Each structure stands twice: as structure tokens, then as C-alpha cells.
Amino acid sequence: MLAYDLLDLPFPLVRRIAAWQHDFDEMENPPATGDEAWWERHEQEEVSIATELQTAMGESPIIKLYRKDGWLSIADINQFEGEKQ
Numbered sequence: 023m024l025a026y027d028l029l030d031l032p033f034p035l036v037r038r039i040a041a042w043q044h045d046f047d048e049m050e051n052p053p054a055t056g057d058e059a060w061w062e063r064h065e066q067e068e069v070s071i072a073t074e075l076q077t078a079m080g081e082s083p084i085i086k087l088y089r090k091d092g093w094l095s096i097a098d099i100n101q102f103e104g105e106k107q
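Heads up: take any position in the sequence shown, counting from 1, add 22, and you land on the numbering used here.
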């Protein structure tokens, strides 16, 4: 969870975060019809937003996302994604 309304963030980033959250909320309410492609796009947008958020926030705080291996920094996730390609 992020209280992004309390942070000094660029408005386009706040809109992106809100749209991403709304898209997820809509999917989680019945009927949940998200297919594998939807979840892949949603995760890619999550990483993209988190990367932009880290850039906007600077080096501190460190932005992390939860993965099955636990909490990972966006830098670790981007490095892992780069190694997969």
C-alpha cells in the first residue's frame, strides 16, 4: 500500500498508479476473468510504475514489490528481468 496522495509525486505518475489500482480492483471483483495475458500486462505495468516511482523518490526510500521469494527492490527485479532476456 502506498499513500501516494501524501507524497510529492508528478501528477501523471499518480494517475498511472490510480489507473493500475482501479484495473486490479475491477478484476478482483466477480467475475474475475483475467487470463494469463492480462496478469502478465498487469505485472509489467506494476514494475514500470515502481521503477518510475523509484526515480521520482530518489534513492530513499527503496521501492520494493512482493514476489514469491519475498520483498525485492525494484533494482533487483529489473536486474532479474534483464538476465531473463
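Heads up, the beta-carbon is just placed ideally off N, CA and C, and yes, glycines get one too.
Computed from a prediction, not measured in an experiment: that's the story for all the values here.
For Ser70, the enclosing alpha helix (DSSP H) covers residues 58–79. Excluding five sequence positions before and after Val69, the CB atoms of its chain that fall closer than 8 Å to its own CB belong to Leu87, Ile96, Ile99, Asn100, Glu103, given in chain order. Around the beta carbon of Leu29, fewer than 16 other beta carbons sit within 10 angstroms, so the residue counts as exposed. By the Cβ neighbour-count rule, Gln66 is exposed, with fewer than 16 other Cβ atoms within 10 Å of its own. In the structure shown, the three-state DSSP call for Leu28 is helix.
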